[in-house]
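Visitor: One structure follows; several queries about it will come next.
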């Protein structure tokens with residue numbers, strides 16, 4: 582089955598960036614991450630390479646990862662790329678000073694394998710910068726968007742909890758509901774997706790900055806103990 586981002590009309594509507602907010606939001610994400618000069622940064626789910634190009638322009642030692650041959654054929658024109666899956670990346674532990682991950686987590690059926698891999702390849706205290714779709718309530722029916730980039734949308738609360746138990750501390754968040762509404766309207770108008778307006782209004786778009794703060798297993802243990810104490814009190 583082809584990926585939603587491989588749809589020809591998607592490229593016509595969204596441009597090279599392929600996600601809400603386009604290059605402007607990618608630039609903001611990179612700016613907020615404030616990676617040190619020449620930092621080794623992974624663009625996880627690099628698509629056609631728009632953000633990979635921006636990272637390299639910023640003087641960073643960047644590499645793009647994607648599982649799509651079609652998209653990588655475009656990304657490799659912007660910089661170094663590797664074909665691979667987010668849930669099993671071909672990199673050593675602690676390989677990167679930072680990771681950018683745009684509109685990728687919402688395509689994962691299970692968050693844990695992806696977040697475990699992101700934590701694994703990052704150095705301690707490294708920054709994970711994310712932009713992605715999220716649902717505004719836990720009762721959101723993601724099956725409405727089966728086959729689309731919103732098929733795995735979770736609530737911000739669920740995402741924050743998942744980040745926490747996988748060793749990440751969220752220290753910055755912004756929401757961009759208008760960007761998602763505009764993007765969705767354009768894709769519906771172009772016939773790329775079909776979605777009820779009511780359902781689209783149950784979604785938003787967010788930007789997260791997370792810091793890797795510790796070993797995933799140790800943190801899970803610690804938080805389970807803390808949660809048990811809170812439940813008992």
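In this note's numbering, the protein residues as written are 582 to 814.
Note that CB positions come from ideal geometry on N, CA and C, so glycine has one too.
Buried or exposed for residue 645, please, with buried defined as at least 16 other CB atoms from any protein chain shown within 10 angstroms of its CB.
Guide: Counting from one through the chain shown, the residue named residue 645 turns up at place 64. That one is buried.
Visitor: Under 6 Å Cβ to Cβ from residue 600, same chain only, skipping five residues before and after it: list those, please.
Guide: Working through the chain shown from its first residue, we reach residue 600 at position 19. Answer for residue 600: 683, 684, listed in chain order.
Visitor: Could you give the distance in angstroms between the alpha-carbon of residue 754 and the alpha-carbon of residue 787?
Guide: The count along the chain shown starts at 1 and reaches residue 754 at position 173. The count along the chain shown starts at 1 and reaches residue 787 at position 206. The alpha-carbon atoms of residue 754 and residue 787 are separated by roughly 7 Å.
Visitor: Can you tell me the Cβ-Cβ gap for residue 715 and residue 734, rounded? I've got them flagged as a contact below 8 Å.
Guide: For the purposes of this step, residue 715 is taken as the residue at position 134 of the chain shown. For the purposes of this step, residue 734 is taken as the residue at position 153 of the chain shown. About 6 Å separates the two Cβ atoms, so the contact holds.
Visitor: In whole angstroms, what separates the C-alpha of residue 698 from that of residue 633?
Guide: Translated into positions along the chain shown, residue 698 becomes position 117. Translated into positions along the chain shown, residue 633 becomes position 52. Near 20 Å, if we compare the C-alpha coordinates of residue 633 and residue 698.
Visitor: Would you call residue 688 buried or exposed, if buried means 16 or more other Cβ atoms sit within 10 Å of its Cβ?
Guide: The residue given as residue 688 occupies position 107 in the chain shown. Classification for residue 688: buried.
Visitor: Considering Cα atoms alone, identify which of 704, 686, 693 is closest to residue 713.
Guide: Locating residue 713 in the chain shown gives position 132, where the first residue counts as 1. Among 704, 686, 693, the Cα nearest to that of residue 713 belongs to 686.
Visitor: In the DSSP assignment, what residue or residues form a beta bridge with residue 710?
Guide: Taking the first residue of the chain shown as position 1, residue 710 is located at position 129. In the DSSP output, where bridge partners are listed per residue, residue 710 has 681, 790.
Visitor: Report the option in 741, 762, 656, 792 whose CA atom is closest to the CA atom of residue 631.
Guide: Counting from one through the chain shown, the residue named residue 631 turns up at place 50. Taking only the C-alpha atoms, the option nearest residue 631 is 656.
Visitor: Just verifying my parser: in three-state terms, what is the DSSP assignment at residue 750?
Guide: By 1-based counting over the chain shown, the position of residue 750 is 169. If DSSP states are grouped into helix, strand and coil, residue 750 belongs with the strands.
Visitor: Which residue comes first and which comes last in the alpha helix (DSSP H) that contains residue 609?
Guide: Start at 1 with the first residue of the chain shown, and residue 609 comes out as number 28. 603 to 614 is the extent of the alpha helix (DSSP H) around residue 609.
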